[in-house]
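Participant: Going by the working numbering, the sequence shown opens with residue 27, and the numbers climb by one from there. Here it is: the structure, laid out below.
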Amino acid sequence: MSHPTPETAQEPTPETGHGRRRADAENDLEKEQATVPTSVEPDEGFDPAESAQRSEAAAKKADPKRNGAWSWFKEIAIVIVIALILSFVIKTFLFRAYYIPSDSMNNTLLKDDRIFVNLLVPHPFALQRGDIVVFKDTQGWLPPAPEKSVNWVKESLTFIGLMPDESQQHLVKRVIGLPGDHVICCDAQGQITVNGKGLVEPYLYPGTDNMAGPNAIFDVTVPAGKIWVMGDNRNNSADSRWHQSLNSQGFIDQNDVEGAAGLLAWPLNRWTVLGNYPDTFRDVPAPTSTPVSSPDPVPTGK
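Below, the structure is given as structure tokens:
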């Protein structure tokens, strides 16, 4: 009698049955363990407030609108500062604005005109006959300036050169005689003569009479370092002629000259370059004698 062969018991393999499910479970467990973050101990120097500030700064930097506005304001501020510095430098060393307070230079300059003055004259560039000059009133030609309340905004703008000087302690006239020049009023034609040469003066106010007024007649030789000045509106100009009785004898010290007017800037409809009429003085001969020094004048305080 034959006996049946007993079947060999088989262990479940990973590919089949319970073994496969077990292997899948083990793999899932390993994945979960791999994804669980390990705890990180904070550094001893970690500052939450500082971290927040950094985050806020990063957010601002990342905000293009806020960053663009700040950049725009910064650029505008830089431009304004540079402009103010340049204005101050120009006003101090190159050009300065003045306003005309009277009618003594009609019609070349009218009252309330604004002019720009070249500060490089008389140093390093020399004065020329015919130059229109602005000079400080150190001889007392003008009455004392009236006291007035200080406008700090206006004073500041004047200081940096953005507004014309309105201190009213300056005068503007035309140079007729330089050191050593012999200036006389007048010849037979009623003309001013310089070193014997009569002047044809096209800049004079219409109807001007050089010989009008009690101080019109003069005969002077300009001392060293001085100039003789006259207004274009001779009938209405208290210039060198009218101050011969002072210690200065009507002469202006070249050191008091602020500069030579080069441009009529305002009003715009009268904008023009201011010349010194070289044709008027071209044929004036050189002085025949060396200019002598005059005693330093004592201001009258008028």
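C-beta: ideal position from N, C-alpha, C; glycine also. As the structure is a prediction and not an experimental result, all values here were calculated from the model.
Determine the closest residue to C211 out of P205, Y125, V220, with distance taken between C-alpha atoms.
Facilitator: Walking along the sequence shown from the start, residue 211 turns up at place 185. Here the closest residue by C-alpha is V220.
Participant: In the structure shown, what three-state DSSP assignment does V103 receive?
Facilitator: Locating residue 103 in the sequence shown gives position 77, counting from the first residue. Going by the sequence as given, residue 103 is Ala instead of Val. Three-state DSSP puts A103 in a helix.
Participant: Whose CA, out of L204, H196, D235, Y229, lies closest to the CA of A214?
Facilitator: As a working note, residue 214 is residue 188 in the sequence shown. Closest option to A214, Cα to Cα, is D235.
Participant: Going by other Cβ atoms of all chains shown within 10 Å of its Cβ, with 16 needed for buried, is K252 buried or exposed?
Facilitator: Locating residue 252 in the sequence shown gives position 226, where the first residue counts as 1. Result: buried.
Participant: Cutting at 8 Å between CB atoms, please list the residues of its own chain near S319, excluding the five before and the five after it.
Facilitator: Taking the first residue of the sequence shown as position 1, residue 319 is located at position 293. Excluding residues within five positions, the ones whose Cβ falls inside 8 Å are P249, A250, G251.
Participant: For L230, tell me which candidate among I106, F121, N132, D265 has the shortest Cα-Cα distance.
Facilitator: What you label residue 230 is simply residue 204 of the sequence shown in a count that begins at 1. The shortest Cα separation from L230 among I106, F121, N132, D265 belongs to N132.
Participant: I need the boundaries of the alpha helix (DSSP H) containing T306, first residue and last residue.
Facilitator: Position 280 of the sequence shown, counted from the first residue, corresponds to residue 306. Start and end: 304-307.
Participant: Grouping DSSP H, G and I as helix and E and B as strand, with all else coil, what is W268?
Facilitator: On the sequence shown, position 242 is the one that residue 268 refers to. Reduced to three states, the DSSP call for W268 is helix.
Participant: Does the beta-carbon of N144 have 16 or more other beta-carbons within 10 angstroms, so that it is buried, or is it exposed?
Facilitator: Looking up residue 144 in the sequence shown gives position 118. It counts as buried.
Participant: How is I253 classed by DSSP in three states: helix, strand or coil?
Facilitator: To locate residue 253, count along the sequence shown from 1; it is residue 227. Looking at I253 - three-state DSSP - the assignment turns out to be strand.
Participant: Straight-line CA distance for K137 to P127?
Facilitator: Start at 1 with the first residue of the sequence shown, and residue 137 comes out as number 111. Start at 1 with the first residue of the sequence shown, and residue 127 comes out as number 101. So the alpha carbons of these two residues sit roughly 5 Å apart.
Participant: Looking at the structure shown, is F3 part of a helix, part of a strand, or coil, going by DSSP?
Facilitator: No answer is possible for residue 3: the residues shown for the chain start at 27 and end at 328.
Participant: Can you tell which of T134, N259, V160, I116 has its C-alpha closest to the C-alpha of Y303?
Facilitator: Here residue 303 corresponds to residue number 277 of the sequence shown, with the count starting at 1. The option with the nearest alpha carbon to Y303 is T134.
Participant: DSSP puts R260 in a beta bridge; with which residues?
Facilitator: As a working note, residue 260 is residue 234 in the sequence shown. The partner list for R260 (beta bridge, DSSP) is empty, contrary to what the question assumes.
Participant: On the three-pair Cβ rule with 8 Å, is the segment 101-119 touching the segment 259-268?
Facilitator: Short answer: they don't touch.
Participant: According to DSSP, R122 sits in a beta bridge with which residue or residues?
Facilitator: Taking the sequence shown and counting its residues from 1, the one referred to as residue 122 is at position 96. According to DSSP, which records beta bridges pairwise, R122 is partnered with V143.
Participant: On the criterion of 16 or more Cβ atoms from any shown chain inside 10 Å, does I111 qualify as buried, or is it exposed?
Facilitator: Residue numbering aside, residue 111 sits at position 85 when the sequence shown is read from its first letter. The residue is exposed, with fewer than 16 neighbouring Cβ atoms inside 10 Å.
Participant: With burial defined as no fewer than 16 other Cβ atoms inside 10 Å of the residue's Cβ, what is the status of S130: buried or exposed?
Facilitator: For the purposes of this step, residue 130 is taken as residue 104 along the sequence shown, with counting starting at 1. Flag for S130 reads buried.
Participant: Helix, strand or coil, according to DSSP, for R200 in the structure here?
Facilitator: Taking the sequence shown and counting its residues from 1, the one referred to as residue 200 is at position 174. If DSSP states are grouped into helix, strand and coil, R200 belongs with the strands.
Participant: Give me the residue from A291, I202, A95, D245 with the minimum Cα distance to Y125.
Facilitator: Within the sequence shown, residue 125 is the residue found at index 99, counting from 1. When each option's Cα is compared against that of Y125, the closest is A291.
Participant: Determine the contact status of W167 and L197, defining contact as a CB-CB distance below 8 Å.
Facilitator: As a first step, residue 167 must be located in the sequence shown, where it is residue number 141. As a first step, residue 197 must be located in the sequence shown, where it is residue number 171. Yes, the pair counts as a contact, with Cβ atoms nearer than the cut-off.
Participant: What is the DSSP secondary structure of W292, reduced to helix, strand or coil?
Facilitator: Position 266 of the sequence shown, counting from 1, holds the residue named residue 292. Here W292 sits in strand by DSSP.
Participant: Output the distance between the C-alpha atoms of L146 and I202, rounded to the nearest integer angstrom.
Facilitator: Position 120 of the sequence shown, counting from 1, holds the residue named residue 146. Position 176 of the sequence shown, counting from 1, holds the residue named residue 202. Approximately 20 Å, taken between the alpha carbons.
Participant: Which word fits V115, buried or exposed, when buried means at least 16 other C-beta atoms lie within 10 angstroms of its C-beta?
Facilitator: Translated into positions along the sequence shown, residue 115 becomes position 89. Exposed.
Participant: Any idea if V283 is buried or exposed, counting beta-carbon neighbours within 10 angstroms, 16 or more meaning buried?
Facilitator: Your numbering for residue 283 matches position 257 in the sequence shown. It counts as buried.
Participant: Relative to the C-alpha of L294, which residue among F119, F121, I141 is closest?
Facilitator: Sequence index remark: in the sequence shown, residue 294 carries index 268 (1-based). Cα-wise, what sits closest to L294 is I141.
Participant: Which residues mark the beginning and the end of the beta strand (DSSP E) in which F161 is found?
Facilitator: The residue given as residue 161 occupies position 135 in the sequence shown. F161 -> beta strand (DSSP E) spans 158-162.
Participant: With DSSP as the reference, label I243 as helix, strand or coil.
Facilitator: As a first step, residue 243 must be located in the sequence shown, where it is residue number 217. Of the three classes helix, strand and coil, the one that applies to I243 here is coil, per DSSP.
Participant: For G285, list the residues DSSP reports as bridge partners.
Facilitator: The residue you call residue 285 lines up with position 259 of the sequence shown. Answer is V160, bridged to G285.
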